[in-house]
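Working notes for the structure below.
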Amino acid sequence: MTSQTATNPPSAQTDDRHPTPRSAARYLNNDEAAAYLHLSPRTLEKQRVIGGGPKFRKFGRRVVYALEDLESWASARACDTTSDPNYVAVR
Numbered sequence: 618m619t620s621q622t623a624t625n626p627p628s629a630q631t632d633d634r635h636p637t638p639r640s641a642a643r644y645l646n647n648d649e650a651a652a653y654l655h656l657s658p659r660t661l662e663k664q665r666v667i668g669g670g671p672k673f674r675k676f677g678r679r680v681v682y683a684l685e686d687l688e689s690w691a692s693a694r695a696c697d698t699t700s701d702p703n704y705v706a707v708r
């Protein structure tokens, strides 16, 4: 009988050359961001032009949204009631 040392399976090992799924999903395109926020993709397109939408980044012709920016933008729009002063401001 030989002694074996415990090793991690290949799928559990980390490799700096290949991003993990968590880091790969850091940015969402317009359609993915709209689905994440339960909005129309056209709504995000309009908000990029007129303002009031989440922060976005442009990489060449590509528009992407950082997941953390989407979450902070959504959190900033939290209201308790329709009489909340913030409710009118974020509409």
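With the first letter of the sequence shown counted as 1, position 30 gets the number 647 in the working numbering; the numbers rise by one all the way through. Backbone N, C-alpha and C fix where the C-beta goes; we use that ideal spot for every residue, glycine too.
With respect to the beta strand (DSSP E) encompassing residue i, which residues constitute its N-terminal and C-terminal limits?
{"i": "K672", "result": "Segment: none, K672 is in no beta strand (DSSP E) and carries neither H nor E."}
{"i": "A683", "result": "679-683"}
I'd like to check one pair, residue j with residue i: are the Cβ atoms closer than 8 angstroms?
{"i": "F673", "j": "R665", "result": "yes"}
{"i": "G670", "j": "L684", "result": "no"}
{"i": "A693", "j": "L654", "result": "no"}
Can you list, in chain order, the residues of its chain with a C-beta nearer than 7 angstroms to that of residue i? Leave out the 5 residues immediately preceding and following it.
{"i": "A650", "result": "L661, Y682, L687"}
{"i": "R643", "result": "A683, L684"}
{"i": "S689", "result": "none"}
Whose C-beta lies closer than 6 angstroms to the C-beta of residue i among residues of the same chain, with five residues either side of it excluded?
{"i": "C696", "result": "N703, Y704"}
{"i": "R659", "result": "none"}
{"i": "L656", "result": "none"}
Identify the continuous alpha helix (DSSP H) that holds residue i and give its terminal residues.
{"i": "L654", "result": "647-654"}
{"i": "R659", "result": "658-667"}
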